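Participant: Questions regarding the structure given below will be posed in turn.
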Amino acid sequence: MKRVAALGLDVGRKRMGVAGCDGTGLIATGLTTIYRTSFAEDIKKIQDIVREREVEILVVGLPYTLDGNIGSQAKQVQKFANKISQILKLPLEYVDERLTSVEAEARLKASKKFSTRDKGAIDRQAAAIILQQWLDRRRSEEKVISNK
């Protein structure tokens, strides 16, 4: 089985949740929250994680509107993600992130690891959900191909 080295990002205006996966591509885990200060600082922090984890692909949550359109927030995320993809010379894939923050908050509450003041924990968990969706989709697509 080929090693999977993906980095999941939940990009917000103030914070960015970051998730990674185990080498098998089975489990996504929240790694950290980047508190955004400047584009240069954001890139440096992401670069450090990419280098440390030997990341080969970026998976970014795209905040479609509830009716499935690309709104202004999604356009800002695309602009940011495209820039970091070019700077880091890494391929980029998007995952529909609608309601991942709601799901992340619910999971944290259920696991009793939640404080309404810790928005960073929600961002990390949302990034893990985004990356997990991508990993699951990738695995199911590989199954379909191998069954042909």
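Counting from 1, position 19 in the sequence shown corresponds to residue 1219 in the working numbering; the numbering is continuous, with no gaps. Where is the CB? At the ideal position from N, CA and C, for every residue including glycine. This structure is a prediction, so every number in the text was calculated from the model and none was measured.
#1: Going by the beta-carbon positions, is the gap between LEU1258 and LEU1209 smaller than 8 Å?
#2: Beta strand (DSSP E) containing ALA1256: first to last residue?
#3: Which residues bound the alpha helix (DSSP H) around ILE1284?
#4: Buried or exposed: ARG1324, going by 16 or more other Cβ atoms within 10 Å of its Cβ?
#5: Please state if the CB of ALA1228 and the CB of LEU1331 are separated by a distance shorter than 8 Å.
#6: What three-state label does DSSP hand ILE1322 in the structure shown?
Facilitator: Reading it off the structure:
#1: Counted from its first residue, the sequence shown places residue 1258 at position 58. Counted from its first residue, the sequence shown places residue 1209 at position 9. Yes, the Cβ-Cβ distance between LEU1258 and LEU1209 is below 8 Å.
#2: Position 56 of the sequence shown, counted from the start, is the residue given in the question as residue 1256. Ala is not the amino acid found at residue 1256; the sequence shown has Glu there. Bounds of any beta strand (DSSP E) do not take in GLU1256, whose DSSP letter is neither H nor E.
#3: Within the sequence shown, the letter at position 84 stands for residue 1284. Here the alpha helix (DSSP H) through ILE1284 covers 1272 to 1288.
#4: Taking the sequence shown and counting its residues from 1, one reaches residue 1324 at position 124. With 16 or more other Cβ atoms within 10 Å, it is buried.
#5: On the sequence shown, residue 1331 is found 131 positions in, with the first residue counted as 1. On the sequence shown, residue 1228 is found 28 positions in, with the first residue counted as 1. It is a contact, given that the beta carbons lie within the stated cut-off.
#6: Position 122 of the sequence shown, counting from 1, holds the residue named residue 1322. Residue state, collapsed to three classes: helix.
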